[in-house]
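Read in order, the letters of the sequence shown correspond to residues 1058 to 1192 in the numbering used here.
What follows is a single structure, written as structure tokens, with notes after it.
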Amino acid sequence: LRRLARELGVDARFLGALTDDDLPGLFTGARAIVVPSRYEGFGLAALEGLAAGRPTLVADAGALPEVVGDAGVVLPTDDSQAWADAIRGAADPGTQSPSDRRARAAEFTWRRAAERTVALWRQLAATSAPIAPRS
């Protein structure tokens, strides 16, 4: 990756292993949080970016669009030009302020996740037919 970055003229820093204590400063100091994943079951890095108030760019795949909602920028997974343009423009505040991004991140709490999970289980239990024992 280092060689490829040099060949492409990309200014990249490879930080190696990081501790949990390193992450808040990195998120807060980033120009943007970029999550081009083709699949994310949730998208914790995107949520951390929003919580830090940073512009957050995500792929239109997996749970990422749902996580960022209107507070982030959703880009086509395979459109490298769209990604390059969005990364270059990440310093532009756009329509979302840091407080809008933080407010979106604040919607995701462990308590809310637990309540929604239990509500879904109850709904499924109320609408599902009992499973007959095998003989």
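Even glycine gets a Cβ: it sits at the ideal position worked out from N, Cα and C.
DSSP, reduced to helix, strand and coil, places Val-1067 outside both helices and strands of the structure shown, so it counts as coil. Taking C-alpha positions only, Trp-1178 is separated from Asp-1157 by approximately 32 Å. With fewer than three CB-CB distances shorter than 8 Å, the segment 1064 to 1072 does not count as touching the segment 1111 to 1129.
Listed as beta-bridge partners of Thr-1113 by DSSP are Ile-1090. Closest in C-alpha terms to Gly-1106, from the list Leu-1121, Gly-1119, Ala-1089 and Gly-1098, comes Ala-1089. Assignment of Leu-1080 by DSSP, reduced to helix, strand and coil, places it in the helix class. Bounds of any alpha helix (DSSP H) do not take in Leu-1075, whose DSSP letter is neither H nor E.
Look at the beta carbons and you see the segment 1062 to 1069 not touching the segment 1104 to 1122: under three pairs across the two are nearer than 8 Å. For Leu-1132, DSSP records a beta bridge to Ala-1116. Taking C-beta atoms as the reference points, Ala-1116 and Ser-1094 count as a pair closer than 8 Å. Note on Leu-1065: under 16 other CB atoms within 10 angstroms of its CB, so exposed under the neighbour-count rule.
DSSP places Arg-1191 in no alpha helix (DSSP H); its state is neither H nor E.
Excluding five sequence positions before and after Glu-1097, the CB atoms of its chain that fall closer than 6 Å to its own CB belong to Gly-1119, Ala-1120 and Leu-1121, given in chain order.
Counting C-beta atoms within 10 angstroms of its own C-beta, Gly-1086 has fewer than 16 neighbours from the protein chains shown and is therefore classed as exposed.
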